[in-house]
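S.K.: The structure that follows is given in the form of structure tokens.
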Amino acid sequence: QAGQQRTDEPVITGQPAGYNADDVAFATNMIPHHQQAVEMSALVPDRSTNPEVIQLAEQISAAQGPEIEAMKVFLVQWKENPDSNTGHTVHGNMAMAGMVDEAAMAKLASLNGAEFDTLWLESMIGHHQGAIEMAKAEIANGENVDAIGLAKTIAGTQQAEIDQMSRMLGG
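What follows is the structure in structure tokens.
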């Protein structure tokens, strides 16, 4: 039968998909990481006049908002409280790679125009690189198929955005 050749269909067993500590750490740490990217993107409309930067910030928020919600759902399914954790778990600081410190966030909030755009792009590239590291660790060590799938999406999306931001800085 033709139907037997499909291997990408999930098998529904009635059991929740398995997960491990790496899955929990990934979701727990990626939520505040993504929240910071959304926060950084929210700075853009009032400070940038570059339509490409404005559009990219909208794109980042549009992608990461739903991903935050998906990761909160994972944590609820795994009986973890997504609101009780501040993101300091299993892997400590390594897991939060790329986070922008308060001083850089304050500097971003104080700038406008081309200066803002440059610092924002540089900061977001580093932030995205951190997210990709976290996603790669999940792909390598996680067990939950949905979390691994999300990690692959995050890695792909954010690498494409890094490439775009690098071009924007170079131009």
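Letter by letter, the sequence shown follows residues -10 to 160 in our numbering.
Heads up, the beta-carbon is just placed ideally off N, CA and C, and yes, glycines get one too.
When the Cα of glutamine 147 is compared with those of Ala124, Gly138, Lys68, which residue comes out closest?
M.R.: Checked all of Ala124, Gly138, Lys68; the closest Cα to glutamine 147 is Ala124.
S.K.: What would DSSP say about threonine 146, mapped onto helix, strand or coil?
M.R.: DSSP places threonine 146 in helix when its eight states are reduced to three.
S.K.: Which same chain residues, not among the five before or five after glycine 7, have their C-beta less than 7 Å away from its C-beta?
M.R.: Glu132, Asn133
S.K.: To the nearest angstrom, how far is the alpha carbon of phenylalanine 63 from that of glycine 145?
M.R.: 20 Å
S.K.: What is the rounded straight-line gap between the Cα of serine 112 and the Cα of valine 89?
M.R.: 7 Å
S.K.: Could you pull out every residue in the same chain whose Cβ sits closer than 8 Å to the Cβ of alanine 93, ignoring the five residues on either side in sequence?
M.R.: Leu108, Ser112
S.K.: Got a sec, what are the start and stop residues for the alpha helix (DSSP H) isoleucine 17 sits in?
M.R.: Position check: residue 17 holds threonine in this sequence, whereas isoleucine was assumed. First-last of the alpha helix (DSSP H) with threonine 17: 10 to 36.
S.K.: Taking only the alpha-carbon atoms, compute the straight-line gap between asparagine 39 and glutamate 91 and give it to the nearest angstrom.
M.R.: Computed Cα separation, rounded: 24 Å.
S.K.: Applying the criterion that 16 or more other CB atoms from any shown protein chain within 10 Å of the CB defines a buried residue, is glutamate 47 buried or exposed?
M.R.: It counts as exposed.
S.K.: If you draw a straight line from the C-alpha of glutamine 25 to the C-alpha of glutamine 66, how long is it?
M.R.: 24 Å
S.K.: Whose C-beta lies closer than 6 Å to the C-beta of glutamine 53 among residues of the same chain, with five residues either side of it excluded?
M.R.: His23, Ala26, Val27
S.K.: Would you please state the rounded distance, in angstroms, between the beta carbons of glycine 115 and glycine 159? I believe it to be under 8 Å.
M.R.: Contact doesn't hold; Cβ gap of about 16 Å is too wide.
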